[in-house]
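Here the working numbering runs 84 ahead of the position in the sequence shown, where the first position is 1.
From the three backbone atoms N, C-alpha and C, an ideal C-beta is built for every residue, glycine too.
Treat the numbers as computed from the prediction; the structure is a model and nothing was measured.
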Amino acid sequence: MYQQKIDETNKISVSTNGFLACGEIINITQTRFGIFDKEVFHSDNLCLIGINKIEIIKFDDKHAEFLIYHNGLNDSENPYKYDLERKNVW
Numbered sequence: 085m086y087q088q089k090i091d092e093t094n095k096i097s098v099s100t101n102g103f104l105a106c107g108e109i110i111n112i113t114q115t116r117f118g119i120f121d122k123e124v125f126h127s128d129n130l131c132l133i134g135i136n137k138i139e140i141i142k143f144d145d146k147h148a149e150f151l152i153y154h155n156g157l158n159d160s161e162n163p164y165k166y167d168l169e170r171k172n173v174w
């Protein structure tokens with residue numbers, strides 16, 4: 085499992101999915117009141133395996149942009165550029 089802080093209240097993590105899953109799960113969680121983590125984004129449809137690094141290019145109230153480094157299987161570009169538009173997510 086991979087985990088990285090984005091800023092003081094947000095972090096991104098990667099976990100493995102089930103046996104028949106296409107790839108790994110990417111979650112963004114937000115810490116509330118110092119001890120509670122709330123999941124504000126969940127994606128399990130990228131079909132990326134072996135994620136070992138996520139580089140945060142941009143993260144603000146309207147947009148997030150990441151470079152996701154992985155093992156290169158499934159013919160995906162490496163690093164994979166992932167853009168996320170905020171839609172009342174965080």
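Nearest neighbour of residue i, chosen from the options [CA to CA]
i    : options                  : result
T113 : L104, Q88, F103 and F150 : Q88
P163 : C106, D128 and G134      : G134
D145 : E169, I152 and E108      : E169
Residues bridged to residue i (per DSSP)
i    : result
K122 : Q114
I96  : Q88 and I112
F150 : I140 and Y166
S127 : I110
CB-CB length for residue i against residue j, believed under 8 Å
i    : j    : result
I96  : I119 : With 8 Å as the limit, I96 and I119 do not qualify as a contact, their Cβ atoms being about 19 Å apart.
T100 : T115 : Rounded, the Cβ-Cβ distance is 23 Å, inconsistent with contact.
Y86  : N129 : So it is not a contact: roughly 18 Å between Cβ atoms.
Local Cβ density within 10 Å of residue i, reported as buried at 16 or more and exposed below that
i    : result
H154 : buried
F150 : buried
L157 : exposed
G102 : exposed
L132 : buried
E161 : exposed
A105 : exposed
Original post:
Touching or not, the stretch 117-126 and the stretch 135-143, by the rule of three or more beta carbon pairs under 8 Å?
Top reply: no
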